[in-house]
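Have a look at the structure below before the remarks.
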Amino acid sequence: MRFLLLGAALAAAPLSAAELPRPHAELPSADQPVRNVPTTGYTLSLIWQPEHCYARRGQRGPAAECADPKVRRGFTLHGLWPDGDGPNRWPEYCRPVDILTDAQIRAGIAATPSPQLLQHEWAKHGSCITDDPVRYFGEEGRIYHSIRIPDMQTLAHRRGLTAGDFQAAFAAANPGMKPDMMRLNVNRRGWLEEVWLCLGLDKRPRSCRAGQGGAAPTDPVKVQAPA
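Residues in the sequence shown are numbered consecutively from 350, following this note's numbering.
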């Protein structure tokens with residue numbers, strides 16, 4: 350099976366300052382409050398852009414990343430999230446943050462091609478990991494760029510594909526990774542939206558803990574084929 354490095358598959362040309370939309374502030378809310386609890390590990394979330402963009406086709410003001418053919422063919426980085434010590438107990442919005450500068454956005458835009466998502470991830474998750482957004486984007490980008498992906502065209506056309514089948518194929522592409530070291534976020538229509546990789550405090554893959562959610566290994570999964 351053919352494998353691709355995420356970074357090689359999705360390397361994007363740098364944007365000029367005039368092309369960078371300015372993000373707005375992302376703040377805690379009643380359902381996403383400030384939560385300072387111990388960090389027990391991390392989750393690296395990857396967005397499967399073919400499904401992300403297909404679900405948003407025809408909408409007014411589509412996400413800018415969907416206009417880039419290179420981006421909408423593969424995975425992009427949602428973010429690196431600190432895990433907590435129990436269900437619904439994870440660190441978030443640990444400290445107030447400023448609006449990202451163009452230079453800070455450029456540190457993460459190749460992996461996460463959305464300035465507003467970068468602002469959200471920095472405010473909600475990155476603020477619980479470091480006080481430097483460039484360091485946060487650099488650390489999550491390092492992990493993201495080290496991941497290999499299997500042949501998604503083959504998986505998209507595989508009949509009877511289950512979550513367990515997909516996890517086994519993804520793990521086989523990454524030496525040392527096992528199928529139980531990831532969770533799949535599948536929408537109500539049964540299509541893959543995101544892959545969540547479980548990481549330890551050392552930010553290396555580890556088995557996901559019980560109760561972290563995601564599709565069951567026997568659940569059917571459909572994969573939107575890359576354009």
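Ideal placement from N, C-alpha and C gives every residue a C-beta, glycine not left out.
Residue i burial status per 10 Å Cβ neighbour count (16 or more: buried)
i      : result
Thr392 : buried
Thr425 : buried
Leu359 : Confidence is the limiting factor: at Leu359 the pLDDT is only 47, short of 50, which leaves the residue's position unreliable and the question unanswerable from this model.
Asp432 : buried
Ser463 : buried
His506 : exposed
Glu308 : Any question about residue 308 goes unanswered here, given that the chain covers just 350 to 576.
Glu592 : The requested residue 592 is not part of the displayed model; the chain covers only 350 to 576.
Gly487 : exposed
Ala576 : exposed
Gln381 : exposed
Pro411 : In this prediction, Pro411 has a pLDDT of 49, which is less than 50 and means its spatial position is unreliable; what the coordinates show is noted afterwards. That one is exposed.
Gln502 : exposed
Under the three-state DSSP convention, the category residue i falls into
i      : result
Ile498 : strand
Gly504 : First, the amino acid is wrong: residue 504 is Leu here, not Gly. The answer is helix: DSSP assigns Leu504 an H, G or I state.
Lys419 : coil
Lys473 : helix
Gly487 : helix
Bridge partner(s) assigned by DSSP for residue i
i      : result
Trp545 : Ser394 and Arg532
Lys552 : According to DSSP, Lys552 bridges with nothing at all.
Gly428 : Ser394
Among the options, the one whose alpha carbon lies nearest that of residue i
i      : options                           : result
Leu429 : Leu355, Asn523 and Lys552         : Lys552
Pro372 : His427, Val544, Thr450 and Ile498 : Thr450
Ser495 : Asn385, Met526, Gly509 and Tyr442 : Met526
Gly435 : Thr389, Asp514 and Leu546         : Thr389
Thr461 : Ala512, Asp417, Gly549 and Tyr403 : Asp417
Gln398 : Val420, Ile492, Met501 and Ser378 : Val420
Cβ pair count under 8 Å reaching 3, the region 553-562 against the region 519-535: They touch, by the three-pair rule.
Cβ pair count under 8 Å reaching 3, the region 538-553 against the region 566-574: In this structure the region 538-553 lies against the region 566-574, because at least three pairs of beta carbons, one per stretch, are closer than 8 Å.
Meets three-Cβ-pair contact criterion under 8 Å: the region 376-386 and the region 441-449: Contact holds: three or more Cβ-Cβ distances are below 8 Å.
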